[in-house]
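Position one of the sequence shown corresponds to residue 10 (the working numbering), numbered consecutively onward.
The structure under discussion appears below in the form of C-alpha cells.
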Amino acid sequence: MMKIAVLRGDGIGPEVIDSALIVFDAITSKYGHQFELIDGKIGGIAIDEVGTPLPDDTVSVCEEVDAILFGAVGGPKWDSVDFEIRPESAILSIRKKLDLFVNIRPVIVYDCLNAMSPLKDTILKNVELVILRELTGGLYFSEPKKRWVTQENIRYGVDTLEYSEVEIERILRVGFEIARSRRKKLTSVDKANVMESSKLWRQVANELASEYKDVQLEHLYMDNMAMQLITNPANYDVIVTENTFGDILSDEAAVISGSLGLLPSASLSIDSGFKSKNMTYKGLYEPIHGSAPDIVGKGIANPIATILSVAMMFRYSFGLVTEANTIEKAVSNVVLQGKRTQDIADNQSNFVSTLEMAKSIVLEIASIDES
Ligand code: IPM
Ligand code: MN
10 MMKIAVLRGD GIGPEVIDSA LIVFDAITSK YGHQFELIDG KIGGIAIDEV
60 GTPLPDDTVS VCEEVDAILF GAVGGPKWDS VDFEIRPESA ILSIRKKLDL
110 FVNIRPVIVY DCLNAMSPLK DTILKNVELV ILRELTGGLY FSEPKKRWVT
160 QENIRYGVDT LEYSEVEIER ILRVGFEIAR SRRKKLTSVD KANVMESSKL
210 WRQVANELAS EYKDVQLEHL YMDNMAMQLI TNPANYDVIV TENTFGDILS
260 DEAAVISGSL GLLPSASLSI DSGFKSKNMT YKGLYEPIHG SAPDIVGKGI
310 ANPIATILSV AMMFRYSFGL VTEANTIEKA VSNVVLQGKR TQDIADNQSN
360 FVSTLEMAKS IVLEIASIDE S
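Below you can see the structure in the form of C-alpha cells.
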C-alpha cells in the first residue's frame, strides 16, 4: 500500500493539514484508493516533547514513505532557541537528507480575486507561471558556514554560495522538461554579471539548451527578475533559479495571486531524470505560507494552499492526474462561487472558517464528474 507521512508541525500547520485531509479522504473514496497515513512530529512541538525539531523516528518515517504532507514549523515560542535546534532547521535537514532538490511553486491567479492582489488588473491578465527553485545547495548548505571572533574581538560570519555543474544541470533539466510540457519558455535567473557560481549556472544552461531546441531559453539577472515579476508577470512561464534567489522570488510571486494562503508547493527527489508525464517521485508537499502564529487556533486560516499541495502530491508522487485535476477544479469552482476565508474576503464581516472552506471543496468534488 502507498504510504504518506503526515507532519502537522506548529502554528496553523495542524489546522490546515486536518482540513486538507478531509479533501484527501473525499478523493480517495471517490476514486477508490487506499493509502496508509503515518503521523510524525516535527518543529517546535518536537522540541517541546523530545528536545529536537527533527526526531530520528520522524526521519525514518519520511525515508520509508512515498510522500510527505507537511504543515508548517516555527513560532515565537522557539525564536530564542539555538539555531541548530530551531524549528526551521528541521525542514532544511529533511530537504537535504531526502535530496529534495526540486522545489516547484506554481503561481495561480484567480481572476475573481484580482482585488486582493496589490497589482493592477491589467498586469494580472494571463498570469500563469511556476517558480522552480533549487532546494539543497547554495548559500543554505555550502561550507564554510560559520561565525567566529578574531583576536582583535571583531565578529565575523560567512556563508558560501557553491554549486557543482552536477547540481546545476539536474535542476535545469527539470526546468527544460517542465517548460517543454507548458508554453516552451524557460527563464533562468542568475547574477552572472557578478558571481562565479552564476557564471557557471549560465554556462551549463546554455550547454543544455542545445538538447532542448524546442524550448526558448532566456537569462535574466536576479535584480531585473525581481522587477519584471511585478511589472510583467504574464511574460513568464517557467522560472528556474538557485536556492536563495528562488526563496526570494517565490515570496514575491506569492503576493501576485493576492494571498499567501492560496499557494502550494512540491519538493521532489529525482534520481533518474524528470518527465512531466507518467513518472512518479518521492516528494514533500507543503503550503508556502508558514506557521502564521498570529492566527493560530482561530479557525480562519485558508486551507487552499494545503489542499492544492495534496493535488500536487497526487500528481507527482502517485501519478493520479485525474484526482489532482479534480481537486484543482473543485478549488477554483468554490472560489468562483464566492466562498472566502478571511484572507481573501473583501467583506471582512463575511467569511467562512478553515473547516467550512474544506467542506465546500468536498461538496464540490462530489459533483465533479471526471474519470
Ligand atoms: C521557504 C521558507 C524556508 C526557506 C525557511 C522556513 C527555512 O522560507 O520554504 O521558502 O528559507 O527555504
Ligand atoms: Mn521562503
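We put the beta carbon where it would ideally sit given N, CA and C, even for glycine.
1. Between the segment 226–235 and the segment 290–298, do three or more beta carbon pairs fall short of 8 Å?
2. Between which two residues does the alpha helix (DSSP H) harbouring Asn334 extend?
3. Using a Cβ-Cβ cutoff of less than 8 Å, which residues in the same chain neighbour Ala367 once the five nearest sequence positions on both sides are dropped?
4. Which class does Asn356 belong to by DSSP, given the choice of helix, strand or coil?
5. Just to confirm, is the Cβ distance from Met321 to Pro242 under 8 Å?
6. Within a Cβ cutoff of 8 Å, which residues of the same chain sit near Glu261, ignoring the five residues on either side of it in sequence?
7. Alpha carbons only, please: which of Pro62, Ile47, Trp87, Asn202 is nearest the one belonging to Asp75?
8. If you measure between the beta carbons of Ile13 and Phe44, is that distance less than 8 Å?
9. Have a look at Val15, Leu16, Arg17, Gly22 and flag the residue whose alpha-carbon is nearest the alpha-carbon of Lys307.
10. Please enumerate, following chain order, all residues with a beta carbon closer than 6 Å to at least one heavy atom belonging to the ligand MN.
11. With Val343 and Ser376 assumed to form a contact (beta carbons below 8 Å), what rounded beta-carbon distance in angstroms separates them?
12. Measure the Cβ-Cβ separation of Gly270 and Asp378 and say whether it is below 8 Å.
13. Starting from Leu138, trace the beta strand (DSSP E) in both directions and tell me its first and last residue.
14. Can you give me the start and stop residues for the alpha helix (DSSP H) that Pro296 sits inside?
15. Please indicate yes or no: does the CB of Glu251 lie closer than 7 Å to some heavy atom of the ligand IPM?
16. Taking C-alpha atoms, which residue in Val82, Val15, Ile180 lies nearest to Phe283?
17. Return yes when the C-beta of Thr364 is under 7 Å from any heavy atom of the ligand IPM, and no when it is not.
18. Mapping DSSP to helix, strand and coil, what is Lys222?
19. Is the separation between the beta-carbon of Val139 and that of Ile113 shorter than 8 Å?
20. Could you check whether the Cβ of Ile265 sits closer than 7 Å to any heavy atom belonging to the ligand IPM?
21. Go ahead and pull the three-state DSSP assignment for Tyr40.
22. Going along the chain, which unbroken runs of the alpha helix (DSSP H) with 4 or more residues stay wholly within the segment 65–92?
23. Tell me, which residues are paired with Ser197 by DSSP?
24. For the beta strand (DSSP E) containing Met11, list its first residue and its last residue.
25. Would you say Tyr149 and Asn252 are within 8 Å of each other, going by their C-beta atoms?
26. Alpha carbon to alpha carbon, how far is Glu332 from Arg164?
27. Per DSSP, what kind of secondary structure is Pro115 in: helix, strand or coil?
Taking the coordinates as given:
1. Pairwise C-beta distances place the segment 226–235 out of contact with the segment 290–298, as fewer than three of them are shorter than 8 Å.
2. Where Asn334 is concerned, the enclosing alpha helix (DSSP H) stretches over 330–345.
3. Beyond the five residues adjoining it in sequence on each side, Ala367 comes within less than 8 Å, by CB distance, of Ser28, Ala29, Ile31, Val32, Pro312, Ile316 in the same chain, given in chain order.
4. Looking at Asn356 - three-state DSSP - the assignment turns out to be coil, as it is neither helix nor strand.
5. No.
6. Beyond the five residues adjoining it in sequence on each side, Glu261 comes within less than 8 Å, by CB distance, of Ala235, Leu238, Ile239 in the same chain, given in chain order.
7. Per the Cα distances, Ile47.
8. Contact flag set, yes.
9. Looking at the Cα atoms, Gly22 is the closest of the given residues.
10. Residues flagged by the Cβ proximity filter: Asp256, Asp260.
11. In this structure Val343 does not touch Ser376 by the C-beta definition: roughly 11 Å separates them, more than the 8 Å allowed.
12. The beta carbons of Gly270 and Asp378 sit no closer together than 8 Å.
13. That run of the beta strand (DSSP E) goes 137–143.
14. Here Pro296 belongs to no alpha helix (DSSP H); instead the beta strand (DSSP E) covers 291–296.
15. For Glu251, the shortest separation between its Cβ and any heavy atom of the ligand IPM does not lie below 7 Å.
16. For the residues Val82, Val15, Ile180, the minimum Cα distance to Phe283 belongs to Ile180.
17. Going by the sequence as given, residue 364 is Leu instead of Thr. Taking the Cβ of Leu364 as the reference point, every heavy atom of the ligand IPM lies at 7 Å or farther away.
18. Note: Lys222 maps to coil in three-state DSSP.
19. Yes; because the gap between Cβ atoms is below 8 Å, this pair is in contact.
20. Not under cutoff, so the answer is no.
21. In the structure shown, Tyr40 sits in a helix (DSSP, three-state: H, G or I).
22. Entirely contained in the segment 65–92, the alpha helix (DSSP H) runs reaching 4 residues are, in chain order, 65–73.
23. Residue pairing by DSSP puts Ser197 in a beta bridge opposite His228, Val249.
24. Looking at the DSSP string, the run of the beta strand (DSSP E) that includes Met11 is 11–18.
25. In this structure, Asn252 lies closer than 8 Å to Tyr149 by Cβ.
26. Answer to the nearest angstrom: the Cα atoms are 54 Å apart.
27. Correct three-state label for Pro115: strand.
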